[in-house]
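Student: Counting along the sequence shown from 1, when you hit position 127 you're at 142 in the working numbering, and nothing is skipped either side.
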Amino acid sequence: MILDRHVELFGKPDVWANFRHFPKLWIHGPPESYMGQPTPGTSYYEDEHIRFLSAYKVAVCLENATEAYYFTEKFVNSVRAGCIPVYHAHPTVRKKFLRNAKWVDPADFGFSPRDTIEYALAQDQSEFRRANDTWLESGILADTDNQKVVLKLHNIISSKLERNGRY
16 MILDRHVELF
26 GKPDVWANFR
36 HFPKLWIHGP
46 PESYMGQPTP
56 GTSYYEDEHI
66 RFLSAYKVAV
76 CLENATEAYY
86 FTEKFVNSVR
96 AGCIPVYHAH
106 PTVRKKFLRN
116 AKWVDPADFG
126 FSPRDTIEYA
136 LAQDQSEFRR
146 ANDTWLESGI
156 LADTDNQKVV
166 LKLHNIISSK
176 LERNGRY
């Protein structure tokens, strides 16, 4: 996806320079689609970032890892901004968190960047917005709050340590 001519890339130059999947690509400099700057705001959760995303019809939500129950904030932020998300979810994420959400999955297009992006750009943004606004308001993400996640991790780790006699 990152090399498709329709995609504008943002992010810190040093982070992109160390992008592990394509280090040889960056030897000759970043792709033409790299905008040379991070998105506005100091955090992905800030309103300034959401306003920035809202200028786009489609947002490609690159995942750091495809792991069970691992779910990127980029999807939620693209939905909050009213974008059509392009995202490939782990089956557990699809079942647990994305029930009734609407997005474009590259897997439906054989992971073809061109076909995926062209399809997403041809869609009615208002249909995605209606479905995803309802999804956001449903409360399905309540258990993903940082404080709740940390408490759950604490309980999991503590119980494992107790079982192993290390706590």
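Just so you know, even glycine gets a beta-carbon here, dropped at the ideal spot from N, CA and C.
From residue 141 to residue 74, what does the alpha carbon distance come to, in whole angstroms?
Tutor: Distance between the alpha carbons of residue 141 and residue 74 is about 15 angstroms.
Student: Buried or exposed: residue 137, going by 16 or more other Cβ atoms within 10 Å of its Cβ?
Tutor: Per the 10 Å Cβ criterion, exposed.
Student: Under 9 angstroms, do residue 147 and residue 116 count as touching if we go by C-beta distance?
Tutor: Yes, Cβ-Cβ distance for residue 147 and residue 116 is below 9 angstroms.
Student: For residue 172, does the count of other Cβ atoms within 10 angstroms reach 16, so buried, or fall short, so exposed?
Tutor: Counting Cβ neighbours within 10 Å, residue 172 comes out exposed, since fewer than 16 surround it.
Student: Pick from 105, 90 and 99: whose alpha carbon is nearest that of residue 81?
Tutor: Of the candidates 105, 90 and 99, the one whose C-alpha sits nearest the C-alpha of residue 81 is 105.
Student: List the whole-angstrom C-beta distance separating residue 53 from residue 25, where the pair is believed to meet the contact cut-off of C-beta under 8 angstroms.
Tutor: Residue 53 to residue 25, Cβ: 6 angstroms. Contact.
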